[in-house]
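The sequence shown runs 1 to 342 under full-length UniProt numbering.
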Amino acid sequence: MTHSIAILGASGYTGAELVRLIATHPHMRIAALTGDRKAGMAMGDVFPFLRHLDLPVLTRIEEVDFSGIDLAFCALPHATSQAVIAALPRDQKVVDLSADFRLRDPAEYEKWYGKPHSAPDLQAEAVYGLTEFYRDEIRTARLVAGTGCNAAAGQYALRPLIAAGVIDLDEIIIDLKAGVSGAGRSLKENLLHAELSGGTHPYSAGGTHRHLGEFDQEFSLIAGRPVRVQFTPHLMPFNRGILVTVYVRGTPEEVHATLATAYADEPFLHVLPLGGLPSTRAVGGSNFVHVGVTGDRIAGRAVVMVALDNLTKGSSGQAMQNANLMLGLDETTGLMGAPVFP
Numbered sequence: 001m002t003h004s005i006a007i008l009g010a011s012g013y014t015g016a017e018l019v020r021l022i023a024t025h026p027h028m029r030i031a032a033l034t035g036d037r038k039a040g041m042a043m044g045d046v047f048p049f050l051r052h053l054d055l056p057v058l059t060r061i062e063e064v065d066f067s068g069i070d071l072a073f074c075a076l077p078h079a080t081s082q083a084v085i086a087a088l089p090r091d092q093k094v095v096d097l098s099a100d101f102r103l104r105d106p107a108e109y110e111k112w113y114g115k116p117h118s119a120p121d122l123q124a125e126a127v128y129g130l131t132e133f134y135r136d137e138i139r140t141a142r143l144v145a146g147t148g149c150n151a152a153a154g155q156y157a158l159r160p161l162i163a164a165g166v167i168d169l170d171e172i173i174i175d176l177k178a179g180v181s182g183a184g185r186s187l188k189e190n191l192l193h194a195e196l197s198g199g200t201h202p203y204s205a206g207g208t209h210r211h212l213g214e215f216d217q218e219f220s221l222i223a224g225r226p227v228r229v230q231f232t233p234h235l236m237p238f239n240r241g242i243l244v245t246v247y248v249r250g251t252p253e254e255v256h257a258t259l260a261t262a263y264a265d266e267p268f269l270h271v272l273p274l275g276g277l278p279s280t281r282a283v284g285g286s287n288f289v290h291v292g293v294t295g296d297r298i299a300g301r302a303v304v305m306v307a308l309d310n311l312t313k314g315s316s317g318q319a320m321q322n323a324n325l326m327l328g329l330d331e332t333t334g335l336m337g338a339p340v341f342p
């Protein structure tokens with residue numbers, strides 16, 4: 001069976017990544033692509049790397065006939081998806097890649113995103129889209145909220161450790177390096193080549209990054225009490241990828257064993273041998289995640305490192321993994337391609 005797919009916001013990086021992935025998916029067909037600022041343009045003109053594909057012309061969302069759409073990916077900017085999804089047919093399956101439905105408490109959304117939640121009724125039905133931990137709920141969901149790419153990387157490092165009680169919950173430091181595509185495709189002065197290349201730039205330091213809302217929500221839910229981590233992201237002069245380094249108080253061997261056991265049957269999560277160090281280069285362009293654990297010269301401390309591609313496993317690949325489950329398909333379908341190297 002072939003499922004008809006719409007991508008709303010196809011002219012951004014995550015939208016283009018969805019097209020790249022769906023192009024070789026055996027059970028999905030792209031029936032509609034939207035991009036308000038690019039409406040009327042061919043996708044191959046917006047993204048020349050997609051010129052070889054026979055794709056619909058970009059249109060406005062209002063022009064899409066959703067009666068024949070089995071699932072819609074919403075790859076729109078934050079604070080846009082709530083109104084758009086609220087206007088879709090009430091039975092339309094949707095995977096949202098924005099932040100608009102990630103935080104279960106509307107008050108937390110307003111705290112982190114600076115505006116009231118405009119679709120709290122939809123928020124009540126949204127399922128958090130970290131596939132490995134919510135796959136049962138995702139299978140029966142109508143609306144799935146994709147995670148933040150930074151939030152996904154940090155959670156892969158920490159969720160099993162918090163659940164198993166093998167680390168000190170009051171001493172968690174997350175240091176993250178992210179490629180520039182995570183900032184989106186909009187023109188921004190600080191993303192100009194002359195401003196970004198050759199440097200490393202911390203941002204949203206001191207507990208102000210919005211993905212802390214996801215960390216607070218998920219880690220506290222697992223622990224059954226408030227968990228607050230220290231988190232500093234850094235913008236790096238490479239196109240795609242995330243490397244997160246997490247410092248915890250715990251026994252390295254126990255931390256490694258806990259992660260290895262938790263992810264033993266996960267098709268996309270690979271825990272390296274103790275002491276192995278992951279890199280963004282080894283997962284680029286793929287849906288795979290590499291997890292490494294090492295000890296520290298200070299006894300009783302461990303370092304957990306996670307590498308993933310922010311556009312694939314951190315966003316569009318995760319979205320397809322969730323869509324596969326929602327459509328009754330094997331969740332790995334269309335996602336087993338090897339990373340691109342070098």
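Glycine included, C-beta positions come from ideal geometry on N, C-alpha and C.
Secondary structure of residue i, DSSP reduced to three states
| i | result |
| --- | --- |
| residue 215 | helix |
| residue 247 | strand |
| residue 41 | coil |
| residue 57 | coil |
| residue 311 | coil |
| residue 320 | helix |
| residue 326 | helix |
| residue 301 | strand |
| residue 334 | coil |
| residue 340 | coil |
| residue 1 | coil |
| residue 292 | strand |
| residue 306 | strand |
| residue 231 | strand |
Reference residue i, options the options, closest by Cα
| i | options | result |
| --- | --- | --- |
| residue 175 | 132, 184, 201 | 201 |
| residue 192 | 237, 228, 172, 217 | 237 |
| residue 55 | 36, 80, 23, 228 | 23 |
| residue 281 | 324, 332, 223, 340 | 340 |
| residue 338 | 285, 102, 52 | 285 |
| residue 111 | 169, 180, 218, 210 | 210 |
| residue 169 | 220, 332, 180, 123 | 220 |
| residue 114 | 78, 71, 177 | 78 |
| residue 75 | 331, 123, 319 | 319 |
| residue 269 | 160, 216, 100 | 160 |
| residue 290 | 37, 155, 217 | 155 |
C-beta contact flag for residue i and residue j at 9 Å
| i | j | result |
| --- | --- | --- |
| residue 336 | residue 95 | no |
| residue 42 | residue 58 | yes |
| residue 64 | residue 6 | yes |
| residue 152 | residue 127 | no |
| residue 259 | residue 304 | yes |
| residue 12 | residue 35 | yes |
| residue 243 | residue 307 | yes |
| residue 139 | residue 213 | no |
| residue 163 | residue 39 | no |
| residue 66 | residue 92 | yes |
| residue 204 | residue 232 | yes |
| residue 241 | residue 271 | no |
| residue 108 | residue 265 | no |
| residue 208 | residue 331 | no |
| request: Kindly confirm or deny that the segment 16-24 and the segment 311-326 touch, where touching means at least three C-beta pairs closer than 8 Å. | output: yes
| query | Is the segment 133-143 touching the segment 247-259 in the sense that three or more CB pairs, one from each, lie closer than 8 Å? | reply | no
| query | Residue ranges of each alpha helix (DSSP H) run of no fewer than 4 residues wholly in the segment 136-224, ordered along the chain? | reply | 149-164, 193-196, 212-223
| said: For the pair the segment 261-277 and the segment 289-306, tell me if three or more CB-CB distances fall below 8 Å. | reply: yes
| query | Looking at C-beta atoms only, is the number of pairs between the segment 67-83 and the segment 105-124 that lie closer than 8 Å three or more? | reply | yes
| request: Mind listing, in chain order, the continuous alpha helix (DSSP H) runs of no fewer than 4 residues lying wholly within the UniProt domain "Semialdehyde dehydrogenase NAD-binding" (4-141)? | output: 13-22, 43-46, 81-86, 106-113, 120-123, 131-139
| Taking only runs of the beta strand (DSSP E) that begin and end inside the segment 247-282, which ones reach a length of at least 3 residues, in chain order? | 269-271
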